[in-house]
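In the numbering used here, the protein residues as written are 39 to 909. Okay, so here's the structure we're looking at.
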């Protein structure tokens with residue numbers, strides 16, 4: 039493969055960044071090619087701007103990730119085109135110039151919005167507990183000279199769908215978005231139309247109404263269309279009271295309720311320039327926004343994929359049900375014709391129970407779309423202001439003789455448009471299916487914010503779920519920008535109540551003062567650190583430093599020993615499989631043991647963060663606190679009359695993972711006890727939220743990887759693979775969400791919850807064999823561990839420097855093998871192939887070898903003759 043720069047990026051934005059919020063964006067580049075032991079010595083940055091022309095900056099530095107912007111800051115809406123060329127050390131090659139990439143800022147300050155104001159309709163309508171969407175329209179004229187550049191900057195107090203002369207945007211966000219609409223603006227008459235639904239802003243969320251400070255119908259927009267012509271003339275079309283508004287065919291739309299579309303109320307070609315809107319409502323100005331409008335840190339939420347159905351069948355009671363074969367998140371596209379004045383109802387569901395769709399996982403969410411047809415012969419319909427989590431849809435209102443062709447119903451898969459970076463497969467098909475399910479649960483819950491579930495009346499950004507899943511998510515997708523924006527929200531919410539306690543949910547939906555909760559609140563410390571380990575971004579770590587300190591110093595109520603004050607509520611080891619069904623917090627692990635263990639660890643992590651940021655005094659302070667807290671934890675939980683031998687899987691896991699033992703002798707003893715407890719439990723999982731993401735790592739760090747393999751490969755309940763045997767296509771909230779007899783758990787669980795999918799972090803590291811040794815993957819660890827049940831694996835990860843991959847397989851003396859490569863065959867044994875990207879290095883640790891092998895970039899191959907995995 040030719041040696042080259044494969045991709046140039048800015049901050050953590052994907053592809054060519056348009057409308058970013060950074061005036062001096064940091065620059066990164068990845069490498070392609072297998073050049074051996076290549077290290078960068080210096081680089082050239084070519085920056086071409088209209089204001090200064092082309093300039094080349096030479097920088098003597100080995101860094102190729104998040105390097106500083108070398109030029110003067112960009113102004114609002116300014117673009118620059120960048121190329122990069124990297125040079126190796128003496129005797130090593132240089133790359134050619136990278137492909138040019140253009141970066142453009144958005145509106146950086148309040149004044150950049152010019153005369154745009156937030157507006158709403160003079161008359162609003164509420165139906166069935168949800169806001170009826172409002173259609174906003176503005177006619178404008180552009181002289182007939184050539185348009186060279188047109189940008190639409192837009193957000194909504196709700197969700198929006200924008201059109202210009204028929205062009206349509208499907209994005210729905212609360213931060214402002216930027217669109218290049220140059221090709222849609224024409225000389226003469228034009229029109230812009232924006233439809234706004236209640237969305238997260240004015241809809242009902244987790245039992246609360248976020249729009250209580252405004253009247254119920256005050257959903258609206260703020261936008262600015264800026265048009266530049268070839269003669270230098272600039273035209274602006276701001277949102278103001280010259281716009282007109284109306285209601286239309288979407289008569290009701292809520293995220294939980296679903297959407298109702300009445301085609302008899304269609305407005306015609308309402309975004310065309312010739313449309314007559316004289317009978318529409320006037321618009322009025324809303325109060326100034328309390329928040330600052332900012333550009334997004336992460337990618338837009340988009341339509342990513344379309345899926346055809348697998349089968350159509352009738353339920354026991356005769357209802358028509360469509361099965362897509364995959365639990366997914368998004369909505370339907372229906373093509374309906376020849377139905378006259380029919381009313382079609384579409385009910386979404388994740389699972390079947392007793393021959394009918396099961397609605398129990400929806401709880402209070404109606405999750406139903408209704409389409410009312412006119413006499414038109416055909417309607418192509420999709421909802422605009424709702425989304426659903428579903429595998430099955432039950433359709434009523436169709437005549438019994440009506441046939442749904444394969445093109446008549448399509449599932450549209452929607453999620454934040456993150457770059458897929460990590461792949462994994464192995465010789466065990468059940469583990470491959472588990473990994474696939476984890477990916478689907480991540481996709482289904484990464485919609486602008488990391489939700490816990492996508493189907494019921496919750497869909498909330500629970501901090502505990504986010505804390506335990508972040509390392510896995512960051513391998514599967516480049517979600518750095520996604521998490522960066524969410525962590526900024528966490529710090530804002532943490533400060534709002536004045537208590538410095540992170541809320542359970544971010545963004546907060548109750549507007550109440552949160553109570554402190556370990557594991558959940560610890561996202562303020564763990565998430566910035568884990569994201570730094572994956573990205574190497576010190577600036578992002580610095581952004582969250584005050585948040586982490588505030589939680590540890592102020593937010594956590596402590597006793598005289600410095601541990602948690604145990605007079606409040608704790609979620610503990612949430613959803614421990616042995617907790618009573620009605621109380622997921624009442625597991626077998628004492629909740630305050632969990633809280634104290636996490637406090638000790640988070641104090642240590644805060645010391646690491648302080649050290650990474652060069653805050654040496656803070657680092658010394660938190661290290662001293664950590665040392666004292668370890669002693670206090672041991673007094674509280676590991677000294678007579680308490681017995682370590684009587685502790686749970688999660689308690690022993692936390693002691694091992696967080697290094698809370700007295701000494702090496704006790705460490706080995708606790709590891710032995712944990713293995714015994716696992717064996718006594720028939721290798722079934724016994725952990726909840728606190729222990730599950732850590733148990734595999736704790737065992738592998740104590741020479742017990744194969745004990746965890748045996749646990750991971752169980753198919754009985756509770757286990758990861760039990761879900762697979764019961765037909766799961768996403769991760770479940772509860773280990774026993776469906777009981778062996780096929781009935782759904784009495785608590786109405788979610789069937790799309792990524793939390794227990796955190797096990798994939800272990801799979802990538804110990805089966806796939808690749809992980810970061812230094813923040814940002816500058817140094818890599820390659821250490822696959824084969825097992826008697828897993829005799830081959832292939833893992834790859836697109837790091838900030840380029841692609842890392844490890845492929846291994848075992849050939850046996852009987853000739854059985856999983857060998858798919860064309861390299862030289864040397865007989866029975868373990869074959870390992872590794873690719874390390876330029877400008878990085880790695881340590882290779884292989885079974886049965888006593889040495890650590892230091893390697894540079896390029897392709898490397900290893901063979902261990904006669905290797906067989908342990909029984």
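Just so you know, even glycine gets a beta-carbon here, dropped at the ideal spot from N, CA and C.
Task: Residue closest to residue 178, alpha-carbon to alpha-carbon, out of 888, 231 and 95 - done: If you compare the alpha carbons of 888, 231 and 95 with that of residue 178, the shortest gap goes to 231.
Task: Where the alpha helix (DSSP H) containing residue 510 begins and where it ends - done: In the DSSP annotation of this structure, the continuous segment of the alpha helix (DSSP H) that includes residue 510 starts and ends at 501-514.
Open item on the list: Pairs of beta-carbons, one from the segment 814-830 and one from the segment 426-441, closer than 8 Å: are there three or more?
Closed with: Here the segment 814-830 makes no contact with the segment 426-441; the two share fewer than three CB pairs at distances below 8 Å.
- [ ] Please confirm whether any heavy atom of the ligand FAD lies closer than 8 Å to the CB of residue 168.
- [x] Annotation note on the ligand FAD: not contained in the displayed structure, which lists no ligands.
TODO: Verify whether the separation of the beta carbon atoms of residue 595 and residue 606 is less than 9 Å.
DONE: For residue 595 and residue 606, yes; Cβs fall inside 9 Å.
Open item on the list: To the nearest angstrom, how far is the alpha carbon of residue 897 from that of residue 389?
Closed with: So the alpha carbons of these two residues sit roughly 46 Å apart.
- [ ] Determine the contact status of residue 512 and residue 568, defining contact as a CB-CB distance below 9 Å.
- [x] For the pair residue 512 and residue 568, the CB atoms are nearer than the 9 Å cut-off.
Task: Through-space distance from residue 273 to residue 322, alpha-carbon basis - done: If I take the Cα positions, the gap works out to 23 Å.
Task: Buried or exposed (CB count within 10 angstroms, at least 16 for buried), residue 909 - done: By the 10 Å Cβ count, residue 909 comes out exposed.
TODO: Please report the residue range of the beta strand (DSSP E) in which residue 292 lies.
DONE: For residue 292, the enclosing beta strand (DSSP E) starts and ends at 288-292.
Task: Beta-carbon spacing of residue 877, residue 117 below 9 Å - done: Not in contact: residue 877 and residue 117 (Cβ atoms no closer than 9 Å).
- [ ] Measure from the alpha carbon of residue 328 to the alpha carbon of each residue in 306, 155 and 159, then state which is nearest.
- [x] The candidate whose alpha carbon is nearest that of residue 328 is 155.
Open item on the list: Please report the straight-line C-alpha distance between residue 716 and residue 723, rounded to a whole angstrom.
Closed with: For residue 716 and residue 723, the distance between alpha carbons rounds to 8 Å.
Open item on the list: Assuming the contact rule is C-beta atoms closer than 8 Å, residue 420 and residue 444 should be a hit. Round their C-beta distance to whole Å, please.
Closed with: Contact between residue 420 and residue 444 is absent: CB atoms are separated by about 17 Å, not below the 8 Å threshold.
Task: Distance between residue 582 and residue 526 (C-alpha atoms, nearest Å) - done: Annotation: residue 526 to residue 582 spans about 7 Å, alpha carbon to alpha carbon.
Open item on the list: I'd like to know whether the C-beta atoms of residue 557 and residue 612 end up nearer to each other than 9 Å.
Closed with: Result yes, Cβ atoms of residue 557 and residue 612 sit closer than 9 Å.
Open item on the list: If we require 3 or more residues per run, which beta strand (DSSP E) segments fall completely within the segment 780-811?
Closed with: The DSSP assignment places complete beta strand (DSSP E) segments of no fewer than 3 residues inside the segment 780-811 at 808-810, in order along the chain.
Open item on the list: With the cut-off set at 9 Å, would you say residue 712 and residue 635 are in Cβ contact?
Closed with: In this structure, residue 635 does not lie closer than 9 Å to residue 712 by Cβ.
Open item on the list: If contacts are defined as beta-carbon pairs under 8 Å, then residue 790 and residue 491 qualify, I think. What distance do you get, rounded to the angstrom?
Closed with: Correct: roughly 6 Å between the Cβ atoms.
Task: Enclosing alpha helix (DSSP H) for residue 656 [first to last residue] - done: Its alpha helix (DSSP H) spans residues 654-675.
- [ ] Tell me whether residue 377 is buried or exposed, calling it buried when 16 or more other Cβ atoms sit within 10 Å of its Cβ.
- [x] With 16 or more Cβ atoms within 10 Å of its Cβ, residue 377 is classed as buried.
Task: Alpha-carbon to alpha-carbon, residue 143 and residue 58 - done: Taking the straight line joining both Cα atoms gives about 5 Å.
Open item on the list: Any contact between the segment 124-131 and the segment 86-93? By contact I mean 3 or more CB pairs, one from each, below 8 Å.
Closed with: Judged by Cβ distances under 8 Å, the segment 124-131 makes no contact with the segment 86-93, as fewer than three pairs qualify.
Task: Beta-carbon spacing of residue 342, residue 418 below 9 Å - done: Not closer than 9 Å, so no.
TODO: Tell me whether residue 868 sits in a helix, a strand or coil according to DSSP, three-state version.
DONE: Of the three classes helix, strand and coil, the one that applies to residue 868 here is strand, per DSSP.
TODO: Could you say if the segment 668-678 and the segment 650-657 meet the contact criterion of at least three C-beta pairs nearer than 8 Å?
DONE: Three or more beta-carbon pairs separated by less than 8 Å are not found between the segment 668-678 and the segment 650-657, which leaves the two stretches without contact.
TODO: Could you pull out every unbroken beta strand (DSSP E) segment of at least 3 residues lying fully inside the segment 97-151, listed in chain order?
DONE: Whole beta strand (DSSP E) segments, 3+ residues: 117-126 and 139-143.
Open item on the list: Please list the terminal residues of the continuous alpha helix (DSSP H) segment that includes residue 81.
Closed with: Per DSSP, residue 81 is not a residue of any alpha helix (DSSP H); the beta strand (DSSP E) it occupies stretches across 78-87.
- [ ] Tell me, please, which residues DSSP counts as bridged to residue 395.
- [x] In the DSSP output, where bridge partners are listed per residue, residue 395 has 390.
TODO: Give the straight-line distance between the Cα atoms of residue 60 and residue 217, rounded to the nearest whole angstrom.
DONE: Going by the C-alpha atoms only, they are around 17 Å apart.
Task: Range covered by the alpha helix (DSSP H) that runs through residue 519 - done: That run of the alpha helix (DSSP H) goes 518-534.
TODO: Mind checking which residues open and close the beta strand (DSSP E) that includes residue 584?
DONE: Looking at the DSSP string, residue 584 is not in any beta strand (DSSP E); the run it does join, the alpha helix (DSSP H), is 583-588.
TODO: Verify whether the separation of the beta carbon atoms of residue 264 and residue 188 is less than 9 Å.
DONE: For residue 264 and residue 188, yes; Cβs fall inside 9 Å.
Task: Expected contact under 8 Å - CB spacing of residue 229 and residue 173 to nearest Å - done: Their Cβ separation, rounded to whole angstroms, is 12 Å, which puts residue 229 and residue 173 out of contact at 8 Å.
TODO: Name the residue from 368, 598 and 666 whose alpha carbon lies nearest to the alpha carbon of residue 700.
DONE: The option with the nearest alpha carbon to residue 700 is 666.
Open item on the list: Along the chain, where does the beta strand (DSSP E) containing residue 647 start, and where does it finish?
Closed with: Careful: residue 647 lies outside any beta strand (DSSP E), inside the alpha helix (DSSP H) at 629-650.
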